[in-house]
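The structure appears below as structure tokens.
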Amino acid sequence: MQKTINPEVLSTQLGLNSYEYKLIKERLGREPNELEVYLFSAQWSEHCGYKHSKTLIKTLPITIEDENAGYVKIDDTAIVFKVESHNHPSAVEPYQGAATGIGGIVRDVLAMGARPIALLDSLRFGPLTDPKSKHLFEGVVSGISGYGNSIGVPTVAGETSFDETYSTNPLINVMCVGTAKEDELTSSKSAQHNKLFAYVGSKTGRDGIHGASFASKELSGEDERSSVQVGDPFSEKNLIEATLEIAALQGVLACQDMGAAGFLSSSSEMADKGNLGCILNLENVPVREENMQPWEIMLSESQERMLFLIEPGWEAEVERIAKKYFLDFAIVGKTTYEKKMKLYMNEKELCNVPIKLLVNAPQLYVKSEVPGYFYVHRARKYPEITTNSRRILLDLLKHPNITNKKWVFEQYDYKVGTNTVITPGKADASVLWIKGNHKGIAVTIDGNGLYTFLDPYEGSRNIVYEAARNLIAVGAKPLGITDNMNFGNPENSTVRWQFEQSIKGIGSACRELETPVTGGNVSFYNESETEAIYPTPVIGMVGEVSDLKKTMTMDFKFPSDKVYLVGK
Amino acid sequence: MIKAGIIVFPGSNCDRDAEFALNSCGFETEYIWHDYDNILKYDFIFIPGGFSYGDYLRAGALAKFSPVMKHVEKFAIEKKGLIMGVCNGFQILTETGMLPGALSKNTSLKFICKDVDVNVESFETPFTKYIEKKKLRLPIAHSEGNFKIEKKDIELIKDKVAFKYVENPNGSYEDIAGIFNKNLNILGMMPHPERNSVKTLGNGDGAYIFLSIRRYLEDAKNN
Amino acid sequence: MKSFKFEVLISLKKGILDPQGSATEKVLKRLNYPVNSVRFGKNIELTVNEETEEKALKIVNEIADKLLSNPVLEKYEIKLLSTEVLA
Amino acid sequence: MKSFKFEVLISLKKGILDPQGSATEKVLKRLNYPVNSVRFGKNIELTVNEETEEKALKIVNEIADKLLSNPVLEKYEIKLLSTEVLA
Ligand SMILES: Nc1ncnc2c1ncn2[C@@H]1O[C@H](COP(=O)(O)OP(=O)(O)O)[C@@H](O)[C@H]1O
């Protein structure tokens, strides 16, 4: 028998504060039961609920909301793209952390009905002289290589840098780009009731349980073993093909990947976005282990799973495609007119809560404060350069942040898909061919922790501009950005200030360049042993190459060519 | 038109690239899902790269049990046309025993993605007869491309080496990048000609191989 | 019907270079461990439902030979770990 | 001085997904083999030169823990295979 735990005590253990618990109790008109506490704690975690960031993010020039990923257009091709972080999982298990990071972002793009065609990775670690950082770095690169290469999506560009600030908290941000015809995109909204939820993918195990709230807590250095998810690139590749086939069926209405807080957040958000409720039958969920508890099934972050909303009558067709690709299939619930989330296990009702309450985490406000360091650094004078410049240049060229990154990108298959026209190392942005056309997509990803630390507003503005310059340098016109905000503890007033300033900076640069933000990701609680990491927004940008013959790479072409410096 | 069948296993990921390259080189193409269990009516069978069955266990090891592979073997024995396996396709062909040897882990133990030069070792074969160059620039992308062969089988690859690396990237025996079978109707190679079959993607060297195959098959048809 | 649990041990043939083993050995030696002859192998556990041990063993042998090992590079060994009578 | 030959068996912790094992199992089942619960592990053989078995075992334990296994996902087991007296 299972012990019953006092729900209020449990809620504290799971990271809900007393105000939030009271709110739940008040709005339910009763004590939540144990399962419900689990659901709220996951759905209201920073990771799912964006409770420290939503209001600020809304100030960005965002084009598309409430979907898995946003897009820009080149003619009638939708370029879907998004960035995501897997910082904390990678600190615990670099290979699997990075691998599952790739898996997650690929499914985000896939859930839009787009075929993933490129990956980018932005990596930050402590100095390589520290064996721990070296271990993390090598593990992360081989994880991206192992997973990305296997699923056949080329990793075409990225950035790699090293700084003390990331010693215990590396940053692993990955971006995926996909394409589809605009009218083939799938939504994650379920518009009608009495439609069926179809589960397609790998079985649900106990992996990654607590992952959602774990990602939002500072790394404690304790035993986090149970949170480790293992990636299965073979199933992911199958899921890519199956999803694209399924999404093309007429009877398929919506699609969402099971990411953070897995089945829970995908089902509840799909229903809520359509202004509906849902009923789920947990006994139908394909499970990998015995005796899984309802909360484990709901919160599991097992990888390579997708949830579709389908018209009744289309079950057999979806199942046929799933089986073709060695994937599990099950009908696990339906949408309802009543705006509740109800869970059943063998006909026994386990949970019954208003879905709006569950999905919309209360927003928290933290006062921001300008830190003293900001003024100190601003008042500093440029140091005089005394060492000879030749020496400085050679030291710079040797520095791991500047030296050739071949060691990294040669482990990535950057050519699979035969679209990569400008390959990594050849320019500051890579260019992908849109076949059947003479046009291309230019992509880049950039960050600069030191700049954004010294001046979060100007530093962040500068990153957007740097990304734009990278695109312009290959001959592309910037179209849109995706942002990954890597910050410290958002309850800290300095971090809050950094975050506000950074969002403002990104917003203003995007308005100036007329490049909308199509989506992004927030990662808080990135802390070193003693303090927050440098605030590190990372910007992924895509642009249009109108004629592939007119691209430019950075190598000098002929011995007698002149070199000009343009600008200040 | 010369008709090519591209075999697709769960986990294959160069199938679409192969289609693009073969179409650009004038082949008519069709995909063949690995479950296909019938006579193969094609002039040319292409087994593409990727990670069939995740390359779990060993690269190519699980793919050899797919129903279509029986028919590929028959196709070879009955000399119905030409067969070519690239990267994972090469690994599958060695796993089934249709080509000798095995592909083991690169000596660096890492995945390697880059362009390499290979020398064409023999022009007296259907696959290479019309290649107009000695040295081809082709992309490689693999972590298990290190060709090994048992002493007792070395005789089998005598005069059957198709391509050799100019600079050995992975530890392969005798710098071997690709081999033919005894009857010269099967080619297996690690480098990816389909990734460099048009000028937009490089210098287009990969096309030489496909064009040679096409011309050979066309000659055979016309005679 | 019984369920037989087997272990299949797959190792590289003598004379075949084991890059993983030698890389690990180098690291260990650099760390001053008095270690030699590091060789990596694979170990696969599986259960077979059959009537007799003999039949089960035949199946595992077949699987090990045809699927789990590559005869060019590898050899294998089979061990019966446990037997359970199925209801 | 003696030379101790050890085997270190590394396997995935319970509950950790084994994609290799499950893909292999799926293929075996499709081929109609009555096979279940396929799990992959690693097996590493190495020799340690030390004075006593106890000392050697301590070293192997350390190596297995720190280098050969990934404690987040894997567990290990050590077996002494043979002992040889060095000249
Ligand atoms: N982690 C990585 N993954 C893929 N490509 C990378 C990675 N790091 C660097 N690169 C590639 O190496 C080249 C040089 O990178 P970098 O030195 O960071 O350029 P930049 O001049 O933009 O700072 C670029 O083409 C970039 O895409």
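Heads up: the sequence lines are chains S, Y, W and Z, in that order.
Note that the numbering used here has the first sequence beginning at 1, numbered continuously upward.
Note that the numbering used here has the second sequence beginning at 569, numbered continuously upward.
Note that the numbering used here has the third sequence beginning at 792, numbered continuously upward.
Note that the numbering used here has the fourth sequence beginning at 879, numbered continuously upward.
We put the CB at the ideal spot given by N, CA and C, even for glycine.
For residue i, three-class secondary structure by DSSP
i             : result
residue 710/Y : strand
residue 226/S : Low per-residue confidence applies at residue 226/S: pLDDT is 47, beneath 50, and the placement is therefore not dependable enough to give any value.
residue 298/S : helix
residue 828/W : strand
residue 794/W : strand
residue 72/S  : strand
residue 100/S : helix
residue 48/S  : helix
residue 778/Y : helix
residue 753/Y : coil
residue 216/S : At residue 216/S the pLDDT is 46, less than 50, meaning the model places this residue with poor confidence; the figure from the coordinates comes in the next sentence. Reduced to three states, the DSSP call for residue 216/S is coil.
residue 118/S : strand
residue 954/Z : strand
residue 655/Y : coil
residue 517/S : strand
residue 423/S : coil
residue 429/S : coil
residue 627/Y : coil
residue 55/S  : helix
residue 331/S : strand
residue 698/Y : coil
residue 221/S : Per-residue confidence for residue 221/S stands at a pLDDT of 41, beneath the threshold of 50, marking its modelled position as unreliable; the derived number appears in the next sentence. Here residue 221/S sits in coil by DSSP.
Cβ distance (whole Å) where residue i is taken to contact residue j below 8 Å
i             : j             : result
residue 886/Z : residue 942/Z : 5 Å
residue 82/S  : residue 335/S : Not quite, the Cβ-Cβ distance comes to about 25 Å (not below 8 Å), so this is no contact.
residue 864/W : residue 822/W : Actually they do not touch by this definition, with Cβ atoms about 29 Å apart.
residue 749/Y : residue 675/Y : Between residue 675/Y and residue 749/Y the Cβ distance is about 26 Å, and since that is not below 8 Å, they are no contact.
residue 306/S : residue 258/S : 7 Å
Burial state of residue i (16 or more Cβ within 10 Å)
i             : result
residue 443/S : buried
residue 214/S : Confidence at residue 214/S is low in this model, with a pLDDT of 47, below 50, so its placement is unreliable and the value that follows should be read with caution. When all chains shown are included, residue 214/S counts as buried.
residue 295/S : buried
residue 406/S : exposed
residue 96/S  : buried
residue 44/S  : buried
residue 30/S  : exposed
residue 452/S : buried
residue 224/S : Low confidence applies to residue 224/S: its pLDDT is 38, below 50, so where it sits in the model is not reliable, and the reading given next is rough at best. Counting Cβ neighbours within 10 Å, residue 224/S comes out buried, since at least 16 surround it.
residue 13/S  : exposed
residue 132/S : exposed
residue 635/Y : exposed
residue 377/S : exposed
residue 149/S : buried
residue 353/S : buried
residue 192/S : exposed
residue 320/S : exposed
residue 129/S : exposed
Within chain A, the residues that residue i reaches when beta carbons sit closer than 7 Å
i             : result
residue 582/Y : No chain A appears in this structure, whose protein chains are S, Y, W and Z.
Are there three or more Cβ pairs, one per stretch, closer than 8 Å when the region 186-201 of chain S is compared with the region 546-553 of chain S? The region 186-201 of chain S vs the region 546-553 of chain S: no contact.
Using a Cβ-Cβ cut-off of less than 9 Å, give me the residues of the region 821-845 of chain W that come near chain Y, in sequence order. Here the close residues are 833 and 835.
Any chance the region 766-775 of chain Y sits against the region 715-724 of chain Y, with 3 or more Cβ pairs inside 8 Å? The region 766-775 of chain Y makes no contact with the region 715-724 of chain Y; the number of CB pairs closer than 8 Å stays below 3.
Proximal residues, the region 617-636 of chain Y versus chain Z, C-beta separation under 7 Å: Going along the region 617-636 of chain Y in chain order, one finds 621, 622, 624, 625, 630 and 633 with a Cβ nearer than 7 Å to chain Z.
Using 8 Å as the Cβ pair cut-off and three pairs as the minimum, do the region 424-436 of chain S and the region 381-395 of chain S touch? No, the region 424-436 of chain S is not in contact with the region 381-395 of chain S.
On the three-pair Cβ rule with 8 Å, is the region 264-284 of chain S touching the region 8-26 of chain S? Taking one beta carbon from each stretch, the region 264-284 of chain S and the region 8-26 of chain S have fewer than 3 pairs nearer than 8 Å; the two do not touch.
Any contact of the region 890-908 of chain Z with the region 622-629 of chain Y, i.e. 3+ C-beta pairs under 8 Å? They touch, by the three-pair rule.
Taking a Cβ distance cut-off of 7 Å, strictly less, list which residues of the region 678-690 of chain Y are near chain S, in chain order. Going along the region 678-690 of chain Y in chain order, one finds 678, 679, 680, 681 and 682 with a Cβ nearer than 7 Å to chain S.
So, does the region 452-464 of chain S touch the region 502-511 of chain S, judging by three or more C-beta pairs under 8 Å? The answer is yes - the region 502-511 of chain S touches the region 452-464 of chain S, with three or more Cβ pairs under 8 Å.
Closer than 8 Å is the cut-off here; do at least three beta carbon pairs connect the region 400-416 of chain S with the region 49-58 of chain S? When Cβ pairs closer than 8 Å are counted between the two stretches, the region 400-416 of chain S is seen not to touch the region 49-58 of chain S, the count staying below three.
With a threshold of 8 Å, are at least 3 pairs of Cβ atoms found where one atom belongs to the region 120-137 of chain S and the other to the region 162-174 of chain S? In short, these stretches touch, since the Cβ pair count reaches three.
Does the region 302-318 of chain S touch the region 197-209 of chain S, meaning 3 or more C-beta pairs lie closer than 8 Å? Touching, per the Cβ criterion.
Can at least three beta-carbon pairs, one atom from the region 572-579 of chain Y and one from the region 614-621 of chain Y, be found at a separation below 8 Å? Yes: the two stretches touch, three or more of their Cβ pairs being nearer than 8 Å.
Would the region 529-546 of chain S and the region 465-478 of chain S be scored as touching if the rule is three or more Cβ pairs under 8 Å? Flag = yes, the region 529-546 of chain S and the region 465-478 of chain S touch.
Name, going along the chain, the residues of the region 719-743 of chain Y whose beta-carbon falls closer than 9 Å to a beta-carbon of chain S. Those would be none; no residue qualifies.
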